[in-house]
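In my numbering, the protein residues as written are 2 to 281.
C-beta: ideal position from N, C-alpha, C; glycine also.
Data first, discussion second: the structure below is written as structure tokens.
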């Protein structure tokens, strides 16, 4: 019989415990609870948990301190930070301390469930995301060309512009994800030995996302498998090309991205992209 995956929830809100237990419970999982940071630390010292979900603002020992102690005591454990009071500095520190993901409340349970499943699969490495610049107004990372890592970095960057409204944050995150997926699949060939470089810059008037993939690039005028190349009156013509090439359904990434941000600019080679969102 397989050993159950062990999950620890550390939060001082009983309602959050109930929501997470309902969402994460499964026959092959054992879920424990702690209601303050010191109690959570005692659990972690006693038990080799696979996944810890820890609130940022805990009595006794805050969530980031608990993250750091968990990394020291249980290096194999994945820690997801959850919070209802967050700042860009907290997001950056979570990346620096190698949190697996970061979620603000109210929790998007579907996304939490997906991230938890990814963490429990155990295929992620500590160096899948490497911090290159750790300033809230200038965040730089490089990440391996792995789809599960893309979901993690998208979640971190979704939380970084904490002062934006929900719709703007979701639109920017969706646009960034489309470009990142293209970089991983087409630029990096989904090869985890290759790297995508990402920079997030926040100015007084704009938010910029820069993505550089390891590929040779492409020409916007030569993308028959993408919706952006469809002639007028044939909005799905590219799907026939994708079928012939054996590509997954899709091809709307660039077209969609241009609807979600104010500007999308590529370098001449086509392996670097810049997304710009103007702030009003």
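Listed in chain order, the beta strand (DSSP E) runs fully inside the segment 162-214 are 196-203 and 207-213, counting runs of at least 3 residues.
Relative to the Cα of residue 131, the nearest Cα in the group 119, 100, 27 and 120 belongs to 100.
Counting along the chain, no alpha helix (DSSP H) covers residue 135; the unbroken beta strand (DSSP E) around it starts and ends at 130-136.
A straight-line Cα-Cα distance of about 9 angstroms links residue 146 and residue 129. Burial state of residue 91 is buried, judged by a 10 Å Cβ sphere holding 16 or more other Cβ atoms. Residue environment: residue 148 is assigned as exposed (fewer than 16 neighbouring CB atoms within 10 Å of its CB, all protein chains considered).
When C-beta atoms of the segment 27-43 are compared with those of the segment 53-68, three or more pairs fall below 8 angstroms, so the two segments count as touching. As DSSP reads the structure, residue 7 sits in a beta bridge with 31. In the three-state reduction of the DSSP assignment, residue 258 falls in the helix class, which pools H, G and I.
For residue 104, the secondary structure class from DSSP, reduced to helix, strand or coil, is strand. DSSP, reduced to helix, strand and coil, places residue 269 outside both helices and strands of the structure shown, so it counts as coil. With a threshold of 16 other beta carbon atoms within 10 Å, residue 162 meets it and is buried.
In this structure, the straight-line span from the alpha carbon of residue 279 to that of residue 174 is close to 14 angstroms. By the C-beta density criterion, residue 71 is buried, having at least 16 other C-beta atoms within 10 angstroms. Judged by DSSP secondary structure, residue 55 falls within the beta strand (DSSP E) whose first and last residues are 52-56. DSSP places residue 141 in the uninterrupted beta strand (DSSP E) bounded by 139-145.
Residue 281 sits away from residue 176, with the two beta carbons spaced by 9 angstroms or more. If only uninterrupted beta strand (DSSP E) runs of at least 3 residues are considered, those enclosed by the segment 64-112 are 79-84 and 102-105.
Sequence-distant Cβ neighbours of residue 275 in its own chain, meaning closer than 6 angstroms and more than five residues away, are 211 and 266.
Between residue 155 and residue 120, the gap from beta carbon to beta carbon reaches 9 angstroms or more.
Residue pairing of residue 277 in beta bridges, as defined by DSSP: 209 and 264.
When only Cα atoms are considered, residue 29 and residue 5 end up about 5 angstroms apart.
Counting along the chain, residue 26 sits inside no alpha helix (DSSP H), nor does DSSP assign it H or E at all. Distance from the Cα of residue 269 is smallest, within the candidate group 260, 277, 262 and 217, for 217.
Put simply, the backbone Cα of residue 108 is about 13 angstroms away from that of residue 12.
Judged by DSSP secondary structure, residue 40 falls within the alpha helix (DSSP H) whose first and last residues are 38-47. Where residue 127 is concerned, there is no enclosing alpha helix (DSSP H), because DSSP gives it neither an H nor an E.
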